[in-house]
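K.L.:
Residue numbers (our numbering): 9 to 361.
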């Protein structure tokens, strides 16, 4: 059994805590924000994310590394979802029905070039297939389905990971509202405590500027659609300028994102971004013209110099970061590589392959 301290309680911190606790290790997580931080707090990027699990789609921006980690993570998420359901009778909100690409008639050739670039061989859906899958899609759109992809509901998953970890542990794992003053190989210092560990994991996200991380601004809009509107699959709009997704969210709501701006400004969403997101949403789903805007959100994605994930091991200190826009897609497989490199024993065969 290892004693492990984790600095950061976002996606990586919560996922690592669950996997390690389930394997019998003693884990403590330090997070400066509350367990469920509100909009007014600069919180982990995972809270704002759409939770897309789309290795094929993200191959364009992330390359083969993201594709391979994402493909492996799809299997790991399925394993984790089953495991957590057995512990707390509720899963992670995992939906793997496939993702839809949609294109306007004028941009079909651009879509085909995009598919050739990422190696996607799917054929356009017929009008009947499109209507069966998503009856509210605009008739003029050309659509393709990417099978076996999908999404995870971020807020549900983040909460479930905490609850399931608590069920597995016989002592306190979480230290929310607890800023870390300093840490190093095998130790963590807060205002009130100094603790030693076999390993310390630094998963601070955008807070880790000392290891070369910058923030990339993203913006989303949450909609309450009309009562007769339904959305069953995440939808990606293919366009040279607008790289926007429209996805199902909790309680029948719809999340529209995501801008990608090289800025660490966290002020409210800009007028231009709001217009772009909502214009595309209405173009793809005309019925959304009657949707109500519930909220907007802004957050920063933690990005490395080349927008690729990385981990660095310095004695007993492990930095894991740079998930950028691929956090939910790659987190399980990335942590698996870290645990394997450190020879940390895990009890689940799915995490030892």
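Beta carbons are placed, not taken as given, at the ideal position from N, Cα and C, and that holds for glycine. Since we're looking at a predicted model, the values are computed, not measured.
(1) Using 10 angstroms around the beta-carbon of residue 66, count the other beta-carbons present and answer buried if the total reaches 16, otherwise exposed.
(2) Pick out whichever of 194, 337, 28 and 292 has its Cα sitting closest to the Cα of residue 181.
(3) Going by DSSP, which residues form a beta bridge with residue 224?
(4) Can you have a look at residue 271 and say buried or exposed, based on whether 16 or more other CB atoms are within 10 angstroms of its CB?
(5) Per the DSSP calculation, residue 300 is bridged to which residue(s)?
(6) Considering Cα atoms alone, identify which of 310, 32, 255 and 91 is closest to residue 223.
(7) Considering only the beta carbon of each residue, do residue 50 and residue 339 sit closer than 7 angstroms?
(8) What are the boundary residues of the alpha helix (DSSP H) that includes residue 87?
(9) Flag this pair as yes or no: are the beta carbons of residue 158 and residue 88 separated by less than 7 angstroms?
(10) Buried or exposed for residue 275, going by 16 or more other Cβ atoms inside 10 Å?
(11) Assuming residue 342 contacts residue 328 (C-beta within less than 8 angstroms), just tell me the rounded distance between them.
(12) Return the bridge partner residues of residue 38 from the DSSP annotation.
(13) Extract the residue ranges of the alpha helix (DSSP H) inside the stretch 101-166, only unbroken runs of 4 or more that lie entirely within it.
(14) How about residue 108 and residue 257: do their beta carbons lie closer than 7 angstroms?
(15) DSSP puts residue 204 in a beta bridge; with which residues?
(16) Check this for me: beta carbons of residue 175 and residue 95, under 7 angstroms apart or not?
(17) Can you give the Cα-Cα distance for residue 161 and residue 306, rounded to whole angstroms?
(18) For residue 143, tell me which candidate among 205, 231 and 293 has the shortest Cα-Cα distance.
(19) On a Cα-Cα basis, can you pick out the residue from 106, 38, 82 and 111 that is closest to residue 249?
(20) In chain order, what residues of the same chain lie with their CB nearer than 8 angstroms to the CB of residue 330, ignoring the 5 residues before and after it?
(21) Which residues mark the beginning and the end of the alpha helix (DSSP H) in which residue 320 is found?
(22) If distances are taken between C-alpha atoms only, which option among 132, 273, 54 and 61 comes closest to residue 80?
(23) Classify residue 259 as helix, strand or coil using the three-state DSSP reduction.
(24) Give me the Cβ distance between residue 243 and residue 301, rounded to the nearest whole Å; I'm assuming they're in contact under 8 angstroms.
(25) Contact defined as beta carbons within less than 8 angstroms: I believe residue 73 pairs with residue 38. What is the distance between those atoms, to the nearest angstrom?
(26) Quick one: what does DSSP say residue 22 is sitting in, helix, strand or coil?
(27) Tell me the rounded alpha-carbon separation between residue 146 and residue 291.
(28) Given this structure, state the Cα-to-Cα distance separating residue 184 from residue 45, to the nearest angstrom.
(29) What's the gap between the Cα of residue 277 and the Cα of residue 347?
(30) If you check the beta carbons only, do residue 3 and residue 126 fall under 7 angstroms apart?
(31) Using DSSP with H/G/I as helix, E/B as strand and the rest coil, what is residue 269?
(32) For residue 189, which of helix, strand or coil comes out of DSSP?
P.N.:
Short version:
(1) buried
(2) 28
(3) 309
(4) exposed
(5) 232
(6) 310
(7) no
(8) 63-96
(9) no
(10) exposed
(11) 7 angstroms
(12) 15 and 183
(13) 116-126 and 135-141
(14) no
(15) 195
(16) yes
(17) 18 angstroms
(18) 293
(19) 111
(20) 221, 310, 311, 312, 315, 316, 317 and 318
(21) Unbroken run through residue 320 is the beta strand (DSSP E), 318-322; no alpha helix (DSSP H).
(22) 61
(23) helix
(24) Not really, about 18 angstroms apart at Cβ, beyond 8 angstroms.
(25) About 29 angstroms separates the two Cβ atoms, so there is no contact after all.
(26) helix
(27) 7 angstroms
(28) 10 angstroms
(29) 38 angstroms
(30) The requested residue 3 is not part of the displayed model; the chain covers only 9 to 361.
(31) strand
(32) strand
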